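Sequential numbering from 708 applies to the sequence shown in our numbering.
The beta-carbon is built from N, C-alpha and C at its ideal position, and this holds for glycine as well.
None of these values were measured; they are calculated from a predicted model.
Scroll down for the structure; my scribbles are underneath it.
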Amino acid sequence: MSAVETRLAELGLTLPEVVPPLAAYQPAVQTGVYVYTSGQLPMVEGKLPVTGKVGAEVTAEEAKDLARVCALNALAAVKSVAGDLDRIARVVKVVGFVASATDFTGQPGVINGASELLAEVLGEKGVHARSAVGVAVLPLDAPVEVEVQVELVP
């Protein structure tokens, strides 16, 4: 088991299977020393645990937890092409999308769920640049979607 997966276990987390694509794309691709994940939904065992808009059907705290799931799914996608999460030199960028009720403005707090998970798991290597964007709707009526870009050790 890699050091990163050992850390996940210490946190009570298990790296999930890679979420299969919902359309014509790959969960992650590598170019040079960079891995780019596709947007990761908060799928758990092939299903969304909750759907709807944040600030309406979904609370900000629920959505923050879902963003953690998205980040965990992103790590699984990274591993699928990098082979070993210990190859991560650093997380470069996280982009988070939050399906938001029209009056919801707490997108940064929701995407903190992903950012905090990456920092807990990877330490300083998990600190990154980030965008948190409110959108009208996401695939499958998911409340949140996260994509991650990482640099690998050559």
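Just so you know, the alpha carbons of residue 848 and residue 805 end up roughly 11 Å apart.
Annotated as proximal: residue 845 and residue 852, with beta-carbon spacing under 7 Å. Taken in chain order, the whole beta strand (DSSP E) runs of length 3 or more contained in the stretch 725-784 are 735-738 and 741-744.
Counting only residues of its own chain and dropping the five nearest sequence neighbours on each side, residue 840 has a CB closer than 6 Å to the CB of 804. Non-local C-beta neighbours of residue 856 in its own chain, meaning closer than 6 Å and more than five positions away in sequence, comprise 743, 799 and 800, ordered along the chain.
If you draw a straight line from the Cα of residue 741 to the Cα of residue 789, it is about 9 Å long.
The C-alpha of residue 808 lies about 5 Å from the C-alpha of residue 762. Between residue 787 and residue 726, the beta carbon gap of about 10 Å keeps them out of contact (Cβ cut-off 8 Å). Shown here, residue 841 sits in a strand according to DSSP, grouped into three states. Excluding the 5 residues flanking it on each side, residue 793 has same chain C-beta neighbours closer than 7 Å at 709, 710 and 711, in chain order. Taking the C-beta atoms as reference points, residue 780 is found no nearer than 7 Å to residue 733. Relative to residue 751, the option among 776, 828 and 829 whose CA is nearest is 776. Around the beta carbon of residue 728, fewer than 16 other beta carbons lie within 10 angstroms, which makes this residue exposed.
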